[in-house]
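Numbering (this note's numbering), first residue to last: 62 to 418.
Just so you know, even glycine gets a beta-carbon here, dropped at the ideal spot from N, CA and C.
Shown next, in C-alpha cells, is the structure this report addresses.
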C-alpha cells in the first residue's frame, strides 16, 4: 500500500491537473494498492485537515483542464512559523495531518514560496517531492516549469492581436505581461510576438532610450511601436533607490502599474497616442498547451518513480532535456533570473529589439 498526499499552492496555472494526473497514473499503474489524499486550497488544507480521498475518476479527463481540482491559496513562507489567529502552530499542524493519514509522501506542486515551505517540511522529517509550477519559469535547478509555455502562448497572442490595431492607427501600444521579479515570460512573449521594445525587471530602463527607440522607428517610416513590459519593470532611477525608499515610492504611486507611468512619460515627450493592454490573469487561464501537457506528464511520471523507489526530499525538474531529481535543499529559495548577458538577450538586440538600456 502506498499512501500519498497532494496539494497545489500559490498562483494557479494551466498544467497543475495534468501534472497530478501524471503522478497518480504512474503510481496506479505500478503499485498494488494506492491511496491518494487531496488537500484543499494548498497548505491551508494541510494545516487545518481539509482533505478528501481521491479516486481514479478524479484524475480522468483532466489532462486538458486548466486551474486545479484541489483549489489553491497563497500561504507566505515568512508566516509559516507564525501562529495563526487562534495560536495554532502551523508547522506542527501540517506534520500532525501527515502522520494522522500515515502518508508515505507528500507531493507538492507550486512555485518559489511553495518550494521553501516544502523544504521546511523536509527539514522537519516529512517525505516530500516538489514539482515546479510557475508561469514565470523562475525556479532554480530546472530548465522549464510547467505553466510557462502556456502563459507564453497567451501573452504572445495578445501581442499578435495588438499588431493589427497598432498598425492601423499608427500608435504606440504597451502590452503589460506578468512577472514581478523575473522577466522570462515577457522576454519570450516579446520576441515571439515581434515586440520592438522589451522591458524587464532585471534590466533597468532609461526612459530616454525607450523614446529614442520609438523615434528611430518613426524616422524609419514605421508608424507604430509595440512595447512588451513586465509588470515588475523598473527604471534606472528607481533601481538606485534602497528597498525602503522604493517601497515608500510605490506606496504613494499615482499610476495603476508601471505601464501607465511609462505611457505618461512617452506621451509627454513625443505627443504620441499611447494605448495600454493588460492581459492579466488570462495568462494563467485556459487549457495547457501541448508542450505543457507533455512536460507535466513527464514530471508526474518521474515523481511517481521517485515514490516507488522511496527517493524523497527532491524537486523533479528538467535539465538538458531530461527529467532529473534535484535535492530540495540545493534549490529552495533561489530565483532563476534573466541575465543581461543571456544569449537570448544578445540575439534579440542583434535584430534591433531595444531593452531600454
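Counterpart residues of residue i in DSSP-defined beta bridges
i: residue 415; result: 258
i: residue 191; result: 169, 376
i: residue 85; result: BP columns for residue 85 are empty, so no partner.
i: residue 67; result: 99, 168
i: residue 114; result: 98
i: residue 327; result: Answer is none; residue 327 lacks a bridge partner.
i: residue 336; result: 234
i: residue 286; result: 233
i: residue 264; result: 261
Range covered by the alpha helix (DSSP H) that runs through residue i
i: residue 317; result: Where residue 317 is concerned, there is no enclosing alpha helix (DSSP H), given that its DSSP letter is neither H nor E.
i: residue 272; result: 268-280
i: residue 351; result: 351-369
i: residue 196; result: Where residue 196 is concerned, there is no enclosing alpha helix (DSSP H), given that its DSSP letter is neither H nor E.
i: residue 108; result: 104-109
i: residue 157; result: 151-161
i: residue 300; result: 297-300
Coil, strand or helix - residue i by DSSP
i: residue 121; result: coil
i: residue 291; result: strand
i: residue 130; result: coil
i: residue 135; result: coil
i: residue 386; result: strand
i: residue 421; result: Given that the chain is displayed from residue 62 to residue 418, the structure contains no residue 421 and the question cannot be resolved.
i: residue 396; result: strand
i: residue 203; result: coil
i: residue 75; result: coil
i: residue 391; result: helix
i: residue 185; result: coil
i: residue 147; result: coil
i: residue 91; result: helix
i: residue 180; result: helix
C-beta atoms of residue i and residue j nearer than 7 Å
i: residue 235; j: residue 337; result: yes
i: residue 364; j: residue 377; result: yes
i: residue 113; j: residue 99; result: yes
i: residue 268; j: residue 326; result: yes
i: residue 79; j: residue 357; result: yes
i: residue 106; j: residue 70; result: no
i: residue 398; j: residue 152; result: no
i: residue 285; j: residue 228; result: yes
i: residue 300; j: residue 259; result: no
i: residue 96; j: residue 64; result: yes
i: residue 271; j: residue 294; result: no
i: residue 168; j: residue 67; result: yes
i: residue 389; j: residue 375; result: yes
i: residue 201; j: residue 380; result: no
i: residue 225; j: residue 238; result: no
i: residue 170; j: residue 187; result: no
i: residue 156; j: residue 172; result: no
i: residue 291; j: residue 261; result: yes
i: residue 340; j: residue 253; result: no
i: residue 73; j: residue 125; result: no
i: residue 189; j: residue 181; result: no
i: residue 147; j: residue 369; result: no
i: residue 303; j: residue 266; result: no
i: residue 205; j: residue 178; result: no
i: residue 76; j: residue 209; result: no
i: residue 329; j: residue 287; result: no
heavy atom of the ligand FMN below 6 Å from residue i C-beta
i: residue 277; result: With respect to small molecules bound, the structure shown includes none, and the ligand FMN cannot be examined in it.
Fully enclosed by the segment 205-255, which alpha helix (DSSP H) runs are 4 residues long or longer? 209-230, 245-253
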